[in-house]
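Take a look at the structure set out below.
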Amino acid sequence: MHKLFLVIVFAFIISVNISAKEEKFFDVIVIGTDPEGISAAISSARNGMKTLLIDKRDRVGGLYTLGGLNSLDMNCTSDGILLTQGIFREFFFAIDPVNEFADFWHRRDSFSTSQAEEIFNKMIAREPNLTLQMGADKISPVVKNDIISSIKVNQDGRENIFYGKIFIDSTQNADICLLSGVPYKLGGSDINDPSRKQAITQIFRMKGVKIEELKQAVDSEPAYQAKMNTYSTWGFLDIMRRYQPIYDKNIKVRGLNIGFENEDTVLINAMQMIGFNSLSDLELDIARELAKVECKNIASYIIEEIPGFEGASYAGEMEELYIRESRHIVGEYQLKASDMMSHKDFYDKIAWGGYPIDIQTTNINNFGYIVGDPEAYSVPLRSIVPKKINNLLVASKNASYHSIGFGSVRVVPIGMAVGQGAGVVAAYANNHNITLREIAYDKNIMKQIQQALIKQGAFLEDMDLAYNYKGHEFEEGIAYAYDTGILLGSYENKIKLEEPVLSSKIIEAINKFQAVEGIMNKLDLIDLKDEYASGEQLANIIYTLLKIEETNLDKRINLYECGVISEKLFQRLNSNATISNSGLYQMLYESSRYLSAQSFSL
């Protein structure tokens, strides 16, 4: 009875927060109630801004509630410092008080979706400056002279207009940016592959799971290739790869991510759906229908193959698909994988992250890959300031992030830290009558904003972290290889820079280079018969690929004389019989730079 009373009182608080105020004028308007948007709105409100948080949905929490992603992608340094502090940490501690002091193996990093929704609603309700409005049918920005003056909201057959000074787009697909005319790129457009998008996932629920039996199996049988802490399990890769999908042209299954909701109910994140346009309602409807059938089949397979699931049952799929990738807006700065792997500490940082660069499968023939595992990297304000519109920020995975580095910065905890930064920046812009772009390029103002964020619980320490190719003579080439997905160091960051490069890897890298640079020449690489290739062989390939004017029979000299390669690379090609990994990366980088210069001169 007491619990019921609290629920009724809480519902009343929320309804007051939504409807008791009839304001039409706000300092900050945040569109989208995914966790990133909630964080941005709370931050704005705490900094004295009259804030509207609005969405088309009927419930808050987005991916954590409607999408069912109930296991947290934590971002910690190697010595255990939580990088995404502030509002995300408030949410994390609210899941379970044990999280304030527990280590990795004993913390609660999975939660029930209803619990997450309740926590978010309470956090919103506590902010007197924050108004929540849900259930809009349509939200459209009104733009004039590159300024958003208001949003038109259609709801229940009526049109309302809400005026704002600063707007924050936290929608799933940067819809406000799209409607405002902000330039954007699709999927892997920045590596010349716009159709390349990370897989869509339908998360589903199972009940009646015997968690203790699952734990005993994981602890006792290494062959399961699984690990488990108090509330999460991940692994069983080989078992799940033996699963035969019903719709095998569009669906595959990876290792299980199992997040515990309560003592016998779990959410399963394992299905990968490929080939669907994440911006097409029609295609997403088709994906959902296929997923309904496939999820039940996967659940039946799990019941047969995974310990602890005997006697468990399928309990339905989540309401929303987990859409990883769609638009990448074009901002003042594009955060790249090389920034992450070099642990870049930007002057205009508003958050830190440190999650592995995890590229989920992008086609039916691969299972994805790990580019690398950065210790920590900062997210610059410039990456959430879009081009063209002057009073708009993007607090979501759709910000100005390169499609490779996106594999790390897309995770929600980083997004919540970025959202908190967006709220503080919006308040500063309003209080000082200054544009967002001006703030992003003013180092003194950024120091003030960073100090404000630190006082409000964010982690924004200056860090000068070493990385394993710092000061290397071919550092530019290594960065290029990271940013094109040619260099894959996995979780251990084993990049083997001075080891001879395998001929098979050269062929793979050249194919990738051609795709990224849009080179259509068909090359005959059959002469790379030996296990390793020489610098001379690599020079011959690049000479043919770039269609360079012949000046010398030795193509190393030819490339140098034509300005394709630098003297330091020329010396390396001449001094070694075999080419090293770092030499390959530098060759591709300098060739790319040459192509860019040629295009510019045209």
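Be aware that the sequence shown starts at 2, since it is given in the numbering used here, and climbs by one per residue. A virtual CB, placed ideally from N, CA and C, is assigned to each residue, including glycine. Owing to the predicted nature of the structure, the values given are computational and were not obtained by experimental measurement.
Asked, Found
"Suppose the cutoff is 6 Å on Cβ atoms and the five residues either side in sequence are ignored; what does the same chain contact list for residue 491 look like?", "371"
"Roughly how many whole angstroms lie between the Cα atoms of residue 250 and residue 389?", "40 Å"
"Are the segment 430-438 and the segment 465-476 touching, with three or more C-beta to C-beta distances below 8 Å?", "no"
"Give me the Cα-Cα distance between residue 219 and residue 211, rounded to the nearest whole angstrom.", "13 Å"
"For residue 107, is the classification buried or exposed, using 16 other Cβ atoms within 10 angstroms of its Cβ as the cut-off for buried?", "exposed"
"Tell me whether residue 102 sits in a helix, a strand or coil according to DSSP, three-state version.", "coil"
"Would you check if there are 3 or more beta carbon pairs closer than 8 Å linking the segment 308-320 to the segment 445-461?", "no"
"Chain D beta carbons: is any one of them nearer than 8 Å to that of residue 456?", "Going by chain labels, chain D is absent from the structure shown, which holds only one protein chain."
"Under the rule that 16 or more other beta-carbon atoms within 10 Å means buried, what is residue 102, buried or exposed?", "exposed"
"Report the residue from 570, 361, 336 whose alpha carbon sits nearest the alpha carbon of residue 272.", "361"
"Looking at C-alpha atoms only, which residue of 583, 460, 172 is the closest neighbour of residue 34?", "172"
"Taking C-beta to C-beta, are residue 330 and residue 400 nearer than 8 Å?", "yes"
"Would you please state the rounded distance, in angstroms, between the beta carbons of residue 333 and residue 438? I believe it to be under 8 Å.", "7 Å"
"CA-CA distance, residue 22 and residue 344?", "Its pLDDT being 43, under 50, residue 22 is placed unreliably by the model, and the measurement read from it follows with that caveat. Whole-angstrom Cα-Cα distance: 45 Å."
"So residue 74 packs on residue 323, CB below 8 Å; how close in whole Å?", "Actually they are not in contact, since the Cβ atoms of residue 74 and residue 323 sit about 12 Å apart, beyond 8 Å."
"Quick one: give me the first and last residue of the beta strand (DSSP E) that residue 221 is part of.", "Not the beta strand (DSSP E): residue 221 falls in the alpha helix (DSSP H), residues 212-221."
"If you drop the 5 nearest sequence neighbours on each side, which residues of the same chain put their C-beta closer than 6 Å to that of residue 166?", "28, 431"
"Starting from the Cα of residue 547, find the closest Cα among 572, 526, 599 and give me that residue.", "599"
"Curious, which full-length alpha helix (DSSP H) runs of at least 4 residues does the segment 348-412 contain?", "407-410"
"With burial defined as no fewer than 16 other Cβ atoms inside 10 Å of the residue's Cβ, what is the status of residue 127: buried or exposed?", "exposed"
"In whole angstroms, give me the CA-to-CA distance for residue 242 and residue 295.", "15 Å"
"Compute the distance between the beta-carbons of residue 321 and residue 407, then report whether it is under 8 Å.", "no"
"Leaving out five residues on either side along the sequence, give the residues of the same chain with a beta carbon under 7 Å from the beta carbon of residue 571.", "557, 561"
"So residue 464 packs on residue 349, CB below 8 Å; how close in whole Å?", "In fact, because the Cβ distance is near 15 Å, the residues do not count as touching under 8 Å."
"Rounded to a whole number of angstroms, what is the C-alpha to C-alpha distance between residue 475 and residue 585?", "10 Å"
"Would you list the residues sitting across from residue 156 in a DSSP beta bridge?", "159"
"Quick check for students: name the residue ranges of the beta strand (DSSP E) that lie wholly in the segment 137-205, counting only runs of 3 or more.", "139-145, 148-156, 159-170, 185-187"
"Under three-state DSSP, which class holds residue 250?", "coil"
"Should residue 450 and residue 425 be called a contact, given that it needs their Cβ atoms to be closer than 8 Å?", "yes"
"Might you give, ordered along the chain, the residues of its own chain that have their beta carbon closer than 6 Å to the beta carbon of residue 138, omitting 5 neighbours on each side?", "155, 156"
"Between the segment 195-215 and the segment 55-63, are three or more C-beta pairs nearer than 8 Å?", "no"
"DSSP puts residue 228 in a beta bridge; with which residues?", "235"
"Compute the distance between the beta-carbons of residue 87 and residue 418, then report whether it is under 8 Å.", "yes"
"Excluding the 5 residues preceding and the 5 following residue 5 in the sequence, name in chain order all residues of the same chain whose CB lies nearer than 8 Å to its CB.", "Because the pLDDT at residue 5 is just 40, under 50, the model does not fix this residue reliably, and the value given afterwards should be weighed accordingly. None."
"Cα separation between residue 499 and residue 479?", "12 Å"
"Just grab the DSSP bridge partners of residue 276 for me.", "Paired residue(s): none; residue 276 is not in a bridge."
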